[in-house]
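Trainee:
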Amino acid sequence: MPDVYLSKWRERAALADKSRRLSDETLAELHSSGWLNLVCPRRAKPLKPGWPALVRSSRIAARACASTGWLISLVGGHAAIAARLNPSFEAKLYDGGTTQLFASASAGPDSRFSIEPGGMRVSGRWRFSSGIEHATWLILNASCANPPTANASERFLVVVAKQDVTVLDSWDSIGMRATGSHDVVTPELLVPHHEVFPLQEVFGARPAGAGSDYLYSVPIVPFITTSIIGPLLGCAEGAYDLHLQALAQQTTPPSAMALERVAHSGAQLTAASALFDSLVNRLDESGQALRSLSETQLSALKRDRSYLARQCVEAVHRLVEHSGASLMTTDNPLHRHWRDLQTMAAHRDVHWDSAMLASAASALHHPLLASNH
């Protein structure tokens with residue numbers, strides 16, 4: 001990733017934070033340079049670097065602006081889902097060209113899917129749609145109120161045009177403000193039956209296509225949920241670099257205590273970097289072999305990415321808590337990184353308690369513990 005982009009994103013980060021959205025200039029740069037096409041469907045770009053490049057690129061971008069890293073990794077990564085839908089629907093998604101962006105949203109208390117003679121009725125309010133202001137499509141999934149089969153727990157996936165939903169001005173978080181993760185309302189949309197997909201068929205193991213990227217065939221959830229480690233680690237590394245710059249600019253030499261904190265946090269981030277490489281390599285190797293992870297491997301994956309998040313938070317907290325009250329301002333880039341980092345670390349994909357309890361239950365082979373977690 002050229003330094004020219006990082007310097008621009010770093011300069012724009014404060015304004016993006018205040019306006020609660022990335023600039024159109026940043027989005028244009030992401031599209032034109034291919035960082036939103038790293039895992040795109042074959043129709044959009046036949047030759048692509050793939051998932052490891054996606055996560056590593058988002059890590060670098062997040063050193064300058066965590067929200068930009070998030071858009072690359074979490075939102076840009078959604079394009080891989082489009083490649084797992086049927087070819088005719090994939091063609092529809094790219095009728096308008098290759099600069100498509102797929103947002104997603106979580107089901108809320110009043111989010112509803114229901115089967116009607118003409119298709120799937122999609123209604124209600126959907127939460128936390130990162131990148132929705134720049135998106136062209138919105139991916140939603142939920143269980144169905146009146147499922148077509150006896151399996152009432154089955155979930156379905158639909159992709160609707162962003163122009164057909166209402167975006168609410170609801171995202172006012174203390175961190176990751178520039179992701180523009182607003183809620184959306186789907187005003188009683190009716191999606192044709194042939195554009196409704198069982199979620200397990202989309203996300204689960206699929207036959208491998210000739211010459212296709214492994215993301216088209218292996219179970220995709222471990223890759224989607226692990227992509228968060230890129231912006232997490234990059235944000236922490238960016239905060240560390242800012243702290244070093246501030247110390248170097250002091251007129252008096254830093255104290256021994258300040259130096260100890262720098263060394264301690266640096267060691268933690270070095271360890272987190274090694275864990276980052278391990279996580280990426282584990283998933284990439286399983287993908288290359290077209291091999292699904294076992295339950296034990298999945299629980300270890302969730303444990304380790306949660307541990308990585310905890311190390312990043314601790315490393316930056318150590319620096320921030322001793323930086324002095326005069327530096328605790330909204331304009332201080334170190335504190336912006338700190339707010340962004342805390343917000344990412346609260347994400348369900350790195351939730352500490354559930355990951356640790358599930359991992360312990362798996363390690364102990366305890367059926368009662370496993371059923372409870």
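Per the UniProt record's numbering, the sequence shown starts with residue 1, numbered consecutively.
From the three backbone atoms N, C-alpha and C, an ideal C-beta is built for every residue, glycine too.
Tell me the DSSP secondary structure of W171 in three-state form.
Mentor: Correct three-state label for W171: coil.
Trainee: Just to confirm my understanding: we take V122, look at its own chain, exclude 5 residues before and 5 after, and list those with CB closer than 7 Å. What are they?
Mentor: Correct list, in chain order: F113, L140, V158, V160, T186, L189, V191.
Trainee: Would you call the region 74-85 and the region 2-9 touching, i.e. three or more CB-CB distances under 8 Å?
Mentor: Contact between the region 74-85 and the region 2-9 is absent, because fewer than three Cβ pairs lie under 8 Å.
Trainee: Shortest alpha-carbon distance to V320 belongs to which of W35, L244, F223?
Mentor: Measuring from the Cα of V320, the nearest candidate turns out to be L244.
Trainee: Ordered along the chain, which non-local residues of its own chain (more than five positions away) have a Cβ less than 6 Å from that of H134?
Mentor: Correct list, in chain order: L27, L101.
Trainee: Using a Cβ-Cβ cut-off of 8 Å (strictly less than) and excluding sequence neighbours within five positions of A14, which residues of its own chain qualify?
Mentor: D331, P333, R336.
Trainee: Please report the residue range of the beta strand (DSSP E) in which R303 lies.
Mentor: No beta strand (DSSP E) holds R303; the alpha helix (DSSP H) holding it covers 295-320.
Trainee: What three-state label does DSSP hand W35 in the structure shown?
Mentor: Correct three-state label for W35: coil.
Trainee: Work out the CA separation of W338 and A361 for me, nearest whole Å.
Mentor: Going by the C-alpha atoms only, they are around 32 Å apart.
Trainee: From P219, C312, C144, V313, pick the residue whose C-alpha is nearest to that of S111; which is it?
Mentor: That would be C144, whose Cα lies nearest to the Cα of S111.
Trainee: Could you give the distance in angstroms between the alpha-carbon of G108 and the alpha-carbon of R261?
Mentor: Distance between the alpha carbons of G108 and R261 is about 42 Å.
Trainee: Using three-state DSSP, classify R177 as helix, strand or coil.
Mentor: The answer is helix: DSSP assigns R177 an H, G or I state.
Trainee: Roughly how many angstroms lie between the CA atoms of A256 and G266, to the nearest whole one?
Mentor: The straight-line gap from Cα to Cα measures roughly 15 Å.
Trainee: Is it the case that the Cβ atoms of S83 and M176 are separated by a distance below 8 Å?
Mentor: According to the sequence as given, residue 83 is Ala; it is not Ser. Against a cut-off of 8 Å, the Cβ pair of M176 and A83 comes out as no contact.
Trainee: Quick check on E90: does DSSP put it in helix, strand or coil?
Mentor: Of the three classes helix, strand and coil, the one that applies to E90 here is helix, per DSSP.
Trainee: Can you tell me the Cβ-Cβ gap for V221 and S292, rounded? I've got them flagged as a contact below 8 Å.
Mentor: So it is not a contact: roughly 11 Å between Cβ atoms.
Trainee: How would you write the range of the beta strand (DSSP E) that I139 sits in, first residue to last?
Mentor: First-last of the beta strand (DSSP E) with I139: 137-143.
Trainee: Exposed or buried, which one is F89 when buried takes at least 16 other CB atoms within 10 Å?
Mentor: Its Cβ having fewer than 16 others within 10 Å, F89 is exposed.
Trainee: Following the continuous alpha helix (DSSP H) through G124, name the residue where it begins and the one where it ends.
Mentor: G124 -> not in any alpha helix (DSSP H); beta strand (DSSP E) instead, spanning 119-129.
Trainee: Do I60 and L30 have their beta-carbon atoms positioned less than 8 Å apart in this structure?
Mentor: No, these two residues do not count as a Cβ contact at 8 Å.
Trainee: Per DSSP, what kind of secondary structure is R59 in: helix, strand or coil?
Mentor: Reduced to three states, the DSSP call for R59 is helix.
Trainee: On the DSSP letters alone, give me the boundaries of the alpha helix (DSSP H) that E201 sits inside.
Mentor: Start and end: 199-203.
Trainee: Relative to the C-alpha of T296, which candidate in W126, P148, D304 has its C-alpha closest?
Mentor: Ranking W126, P148, D304 by Cα distance to T296 puts D304 first.
Trainee: Pop quiz: L233 and F276 are said to be a contact at Cβ under 8 Å. What is the actual Cβ separation, rounded to whole angstroms?
Mentor: The Cβ separation is near 5 Å, so the contact holds.
Trainee: From K18 to S170, what distance separates their C-alpha atoms?
Mentor: Their backbone Cα atoms lie some 14 Å apart in a straight line.
Trainee: So, helix, strand or coil for D183, using DSSP?
Mentor: The answer is strand: DSSP assigns D183 an E or B state.
Trainee: Skipping 5 residues on each side, what residues in its chain have a beta carbon closer than 8 Å to that of F156?
Mentor: Result list for F156: F113, M120, N141, A142, S143, C144, V196, F197, P198, L199, in chain order.
Trainee: Between which two residues does the beta strand (DSSP E) harbouring A66 extend?
Mentor: From DSSP, A66 is part of no beta strand (DSSP E) but of the alpha helix (DSSP H) over 66-70.
Trainee: Go ahead and label R20 buried or exposed: buried means 16 or more other beta carbons lie within 10 angstroms of its beta carbon, across all protein chains shown.
Mentor: Burial call: buried.
Trainee: Look up A103 in the DSSP assignment and say whether it is helix, strand or coil.
Mentor: Three-state DSSP puts A103 in a strand.
Trainee: If you reduce the DSSP assignment to three classes, tell me which class P46 lands in.
Mentor: Model confidence at P46 stands at a pLDDT of 47, short of 50, so the residue's coordinates are unreliable and nothing is read from them.
Trainee: For I228, report the span of its alpha helix (DSSP H) as first-last.
Mentor: First-last for I228: undefined, no H or E at that position.
Trainee: Considering only their Cβ atoms, is the gap separating W51 from residue 378 smaller than 8 Å?
Mentor: Any property of residue 378 remains undetermined from this structure, which presents the chain solely from 1 to 373.
Trainee: For D95, is the classification buried or exposed, using 16 other Cβ atoms within 10 angstroms of its Cβ as the cut-off for buried?
Mentor: Flag for D95 reads exposed.
Trainee: Count the other C-beta atoms from every protein chain shown that fall within 10 angstroms of the C-beta of H322, then say buried if there are 16 or more, exposed otherwise.
Mentor: With fewer than 16 Cβ atoms within 10 Å of its Cβ, H322 is classed as exposed.
Trainee: Can you tell me whether L189 is helix, strand or coil according to DSSP?
Mentor: Looking at L189 - three-state DSSP - the assignment turns out to be strand.
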